[in-house]
Amino acid sequence: MKSKTIRPQKSILLSLLFSLCVGLLACQLTSQNSTQSTTSSSEEMPGAGVKVRAGSGELFVTEVVNIGLEKLGYQTAAIKQLNVAVAHAAVSNGELDFYGTHWEKLHTKFFEQNGGNQKLEKVGVLIKNGLQGYQIDKKTAEQYNIS
């Protein structure tokens, strides 16, 4: 059996790079303006004293989000790596506060089965038009009738 070469598409790599840059920028500390009044650190941090519980199928993205939350004063619990169905149910039941990644087209069924917009809220897009799956060369696809 010949070895198969998997080449990621340029758009996926650019999306991941963009996502990483946005995550890193979100985690930078902002400098205080000298004209601002001095306040205690708990008043400056919106998440002071709040513990956040995350679930993830894609650990990297959730780690980036957690770093940003920690910079805002939130306490982050250990990330629970769960399959998609369990993660949606856990958020819907209040066992987790958020699920780090949601592949919109692939996870629509799980979203709807766990209460949809009545119980869950989709917030923002980390990777617009993100793709999930495997990529192979055209010759192999034709050889094995893969579409």
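Residues in the sequence shown are numbered consecutively from 19, following our numbering.
Note that the Cβ used here is the ideal one computed from N, Cα and C, for glycine as well.
- When the beta-carbon positions are compared, G73 and G118 come within less than 8 Å of each other.
- In this structure, F128 sits near V102, with a CB-CB distance shorter than 8 Å.
- Note: Q99 is bridge-paired with S74 in the DSSP secondary-structure output.
- Cα atoms of V68 and G75: separation of roughly 23 Å, rounded to the nearest angstrom.
- Its chain contains N132, G133, K137 and L138 as the residues whose beta carbon lies nearer than 7 Å to that of S110, once the 5 sequence neighbours on both sides are disregarded; these appear in chain order.
- Rounded to whole angstroms, the gap between the alpha carbons of T80 and G65 is 17 Å.
- If you draw a straight line from the Cα of E160 to the Cα of Q153, it is about 13 Å long.
- In the displayed model, K69 falls within a strand according to three-state DSSP.
- Here F129 is not bridged, per DSSP, to any residue.
- Secondary-structure assignment with DSSP links Y117 through a beta bridge to G73.
- In the three-state reduction of the DSSP assignment, Q153 falls in the coil class, being assigned neither a helical nor a strand state.
- The beta-carbon separation of M63 and G91, rounded to 3 Å, stays under the 8 Å limit for a contact.
- With a threshold of 16 other beta carbon atoms within 10 Å, A105 meets it and is buried.
- In this structure, L114 and R71 form a Cβ contact; the two beta carbons are roughly 5 Å apart against a cut-off of 8 Å.
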